[in-house]
Amino acid sequence: MFEDKWLIWKLKQGSSDALCRIYEKYKKDMLALASALANDKTLAEDIVHDCFVSFAGCCRNLELRTSLKSYLLTSVANRVRNSGRDKIKSVEDIDEIEIADLDFNQPQQQVMNNERVRKINAALLQLPYDQQEIVFLHLQSGLKFRDIAILHNVSINTIQSRYRYGIDKLRTILKEV
Amino acid sequence: MFGTKKIEKLIKEYLNAKKDSVTFNPSMHEKILSDSLKAYEKSIIASAGTPKTNVLFIKLAVAAIIIITAGLAFIHINKNSGDNKDMLRIALQQINDAHTLSYDVTTTNNDAIAAKTKWMFKKAEFVKINSDDGSFAIIFDNKKNEGYGILSQEKKYIELQSSNTLNITFENSFLITRKLKAFSVQKNTLIGKKKIDGKDVEGFSLADNDCVVNIWIESSTAKPALMEIEFIKEPSMRILVNDFNINTKMYAVSLKDYEKLPIQINAESVLENEKHINEFFGSLIRYRNNGGIIPSQNNGTEFAKIAWELSNQNLPVGITKYLANFEIVCP
Chain A
33 MFEDKWLIWK
43 LKQGSSDALC
53 RIYEKYKKDM
63 LALASALAND
73 KTLAEDIVHD
83 CFVSFAGCCR
93 NLELRTSLKS
103 YLLTSVANRV
113 RNSGRDKIKS
123 VEDIDEIEIA
133 DLDFNQPQQQ
143 VMNNERVRKI
153 NAALLQLPYD
163 QQEIVFLHLQ
173 SGLKFRDIAI
183 LHNVSINTIQ
193 SRYRYGIDKL
203 RTILKEV
Chain F
2 MFGTKKIEKL
12 IKEYLNAKKD
22 SVTFNPSMHE
32 KILSDSLKAY
42 EKSIIASAGT
52 PKTNVLFIKL
62 AVAAIIIITA
72 GLAFIHINKN
82 SGDNKDMLRI
92 ALQQINDAHT
102 LSYDVTTTNN
112 DAIAAKTKWM
122 FKKAEFVKIN
132 SDDGSFAIIF
142 DNKKNEGYGI
152 LSQEKKYIEL
162 QSSNTLNITF
172 ENSFLITRKL
182 KAFSVQKNTL
192 IGKKKIDGKD
202 VEGFSLADND
212 CVVNIWIESS
222 TAKPALMEIE
232 FIKEPSMRIL
242 VNDFNINTKM
252 YAVSLKDYEK
262 LPIQINAESV
272 LENEKHINEF
282 FGSLIRYRNN
292 GGIIPSQNNG
302 TEFAKIAWEL
312 SNQNLPVGIT
322 KYLANFEIVC
332 P
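Protein chains in written order, with my numbering: chain A, 33 to 209; chain F, 2 to 332.
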């Protein structure tokens with residue numbers, strides 16, 4: 033947090049090194065969120081590109097109300113929404129996704145795990161975009177409900193409700209996994 | 002049936018695994034960085050050219066109407082001078098506000114290129130100078146007041162030391178910034194417009210007791226495009242400064258695997274200005290091109306030859322300690 037404040041200060045002084053550092057620090061979070069929300073690798077990269085270039089163009093006049101991370105990731109989520117991807121659902125190729133804690137030694141368990149991953153992915157895609165976005169921002173990106181609420185210009189209760197509805201729906205869909 | 006905590010844990014694990022597996026296409030990664038830096042630079046230029054508004058705007062506007070009326074009469078008499086001053090002011094401000102700055106310096110003698118170097122400054126911290134062929138470099142750390150002369154081909158380096166604080170930063174030292182500052186405060190002449198590398202530029206000229214300086218500034222960005230410096234006492238000598246880059250990334254240099262040579266050079270004199278450093282590099286390149294070998298630690302005679310080459314150029318030699326133990330044999 034302190035580092036981010038320092039980086040923002042340096043940006044305002046004209047430091048391109050600070051810009052590069054911010055990009056290196058948050059590029060993976062931004063791409064992961066864009067990929068999860070857009071379900072399209074190329075579109076996700078384009079969204080990160082547009083977001084970061086836009087940030088670079090206006091950062092000298094930026095007055096942050098939340099953390100830098102929250103700002104960047106909410107920008108990504110908003111751009112995905114603006115691109116219309118919130119209305120498109122597709123089942124993602126899961127061949128390269130593994131859940132780290134599981135044991136892959138047994139071939140049978142590998143099959144089961146792939147099946148479980150497929151179901152989790154399908155369940156997430158069934159969520160309305162508003163709920164999906166909050167679930168990703170909170171669980172994947174680690175943002176606080178308060179920050180998400182500020183950046184969405186809604187009350188924290190609304191954000192917490194969307195999250196709770198999302199989790200409840202996932203629980204119902206995944207009850208047999 | 003899952004509880005809330007368990008479902009959160011499961012989704013979190015899934016999303017984290019997914020996060021670990023995402024990677025950028027390398028070309029996209031480069032594009033994002035490069036486009037962002039361009040956008041950032043553009044915003045700096047825009048802010049340099051746009052005066053800041055404040056809450057007193059309305060009150061000031063009334064006063065401005067009065068001032069503008071008086072100003073119009075002045076502009077009518079002294080047409081163009083305001084725009085020119087603005088362009089020089091913004092050019093200087095961009096350099097002063099820069100975090101990093103780089104430019105090429107070419108010294109010519111009777112129109113033949115004597116030496117060319119690339120200068121890179123990191124504000125208040127480092128200056129790095131590369132010879133055009135990449136075989137020599139100087140890095141100077143302003144905080145430690147010491148630096149290194151690096152011989153890339155031979156993988157050797159020489160220590161540069163100074164007893165005085167040099168503070169070699171682009172804001173307060175060297176020809177380019179000093180001359181540019183002089184332009185902003187002294188009376189200069191508009192010498193016309195032309196194109197450099199396809200870009201429209203406007204030229205200004207300034208003369209003092211030592212030299213005549215022409216500077217060409219890009220009309221669209223107010224970024225310096227070319228400086229031409231002619232020395233009154235040395236009419237055959239010219240310095241050209243171009244390829245200005247503001248806020249580009251500077252890369253760290255590692256001297257791991259490099260051999261330290263037991264020789265010290267007085268940084269204070271060598272780093273006095275662009276002309277001296279170009280001559281210094283030029284003499285080293287000439288020395289090697291004429292069959293000279295950058296010596297290993299035990300070859301005092303070759304060190305002496307370098308010292309001789311430098312002294313022939315009236316450059317400070319400052320070779321100490323090690324050479325004191327050898328008989329210097331000049332070729």
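Ideal placement from N, C-alpha and C gives every residue a C-beta, glycine not left out.
If you're wondering where the values come from, they're calculated on a predicted model, not measured in any experiment.
Quick one, which of F:S255, F:I233 and F:K224 has its alpha-carbon nearest F:I197's? F:K224
For F:I8, which residues in chain A fall below 8 Å Cβ to Cβ? I199, L202, R203 and L206
Would you call F:I233 buried or exposed, if buried means 16 or more other Cβ atoms sit within 10 Å of its Cβ? exposed
Under 7 Å between beta-carbons, which chain A residues line up against F:S386? List them in chain order, please. Nothing about residue 386 of chain F can be reported from this structure: the residues present for chain F run from 2 to 332 only.
Residue range of the unbroken beta strand (DSSP E) whose run includes A:I54: Run containing A:I54: none in the beta strand (DSSP E); it sits in the alpha helix (DSSP H), S48 to A70.
Output yes or no for whether 8 Å exceeds the beta carbon distance between F:K157 and F:D133. No, Cβ-Cβ distance for F:K157 and F:D133 is not below 8 Å.
Quick check: is the beta carbon of A:A64 nearer than 8 Å to any beta carbon in chain F? yes
From A:K60, A:L104, A:E35 and A:V167, residue whose alpha carbon lies closest to that of A:S193: A:V167
Thinking just about the alpha-carbon of each residue, which of F:V23, F:I45, F:L16 and F:D209 is nearest to the one in F:K188? Checked all of F:V23, F:I45, F:L16 and F:D209; the closest Cα to F:K188 is F:D209.
Would you kindly report the start and end of the unbroken beta strand (DSSP E) that includes F:L241? M238 to I247
Where A:K37 meets chain F, residues with beta-carbon distance less than 7 Å: The contacting residues do not exist; A:K37 stays about 18 Å from chain F at best.
Meets three-Cβ-pair contact criterion under 8 Å: the region 81-94 of chain A and the region 154-174 of chain A: no
Between F:F25 and chain A, is the shortest Cβ-Cβ distance under 8 Å, so that the two count as touching? yes
Between F:N26, F:V214 and F:K6, which has its C-alpha nearest F:E231's C-alpha? F:V214
CB of A:T98 within 8 Å of CB of A:L183, strictly: yes
In its own chain, which residues sit with a C-beta less than 6 Å from the C-beta of A:Q163, not counting the 5 before and 5 after it? Closer than 6 Å at the Cβ level, and outside the excluded window around A:Q163, lie R194, Y197 and G198.
Name, please, each residue of chain A whose Cβ falls closer than 7 Å to the Cβ of F:N248. G46 and S48
At 7 Å on the CB atoms, spell out the chain A contacts of F:D98, in chain order. G46
Flag F:M238 as yes if its beta-carbon sits less than 8 Å from any beta-carbon of chain A, otherwise no. no
Give me the Cβ distance between F:I96 and F:T107, rounded to the nearest whole Å; I'm assuming they're in contact under 8 Å. In fact, because the Cβ distance is near 19 Å, the residues do not count as touching under 8 Å.
Do the region 126-145 of chain F and the region 74-88 of chain A touch if we need at least three Cβ pairs shorter than 8 Å? Contact between the region 126-145 of chain F and the region 74-88 of chain A is not established, with fewer than three Cβ pairs separated by less than 8 Å.
Flag F:T222 as yes if its beta-carbon sits less than 8 Å from any beta-carbon of chain A, otherwise no. no
Looking at F:L34 and A:Y58, is the spacing between their C-beta atoms short of 8 Å? no
Counting only beta-carbon separations shorter than 8 Å, does F:S44 have a partner in chain A? yes
Based on the DSSP secondary-structure assignment, which residues constitute the bridge partners of F:A208? F:V213
Nearest-angstrom Cα distance between F:R149 and F:E160? Residue identity check: residue 149 of chain F is Tyr in the sequence provided, not Arg. The C-alpha of F:E160 is placed about 5 Å away from the C-alpha of F:Y149.
By Cβ distance below 8 Å, which residues in the same chain neighbour A:A132 in space, the five residues on each side in sequence not counted? The pLDDT assigned to A:A132 is 34, lower than 50, so where the model puts this residue is not dependable, and the model offers no usable value.
C-alpha distance - F:K39 paired with A:L104, whole-angstrom precision: 19 Å
Could you tell me whether the Cβ atoms of F:S221 and F:E203 are closer together than 8 Å? no
If we cut at 8 Å on Cβ distances, does A:S102 have a partner in chain F? Against chain F, the CB of A:S102 has no partner CB under 8 Å away; the residue lies outside that interface.
Kindly indicate which three-state DSSP category A:K176 falls into: helix, strand or coil? coil
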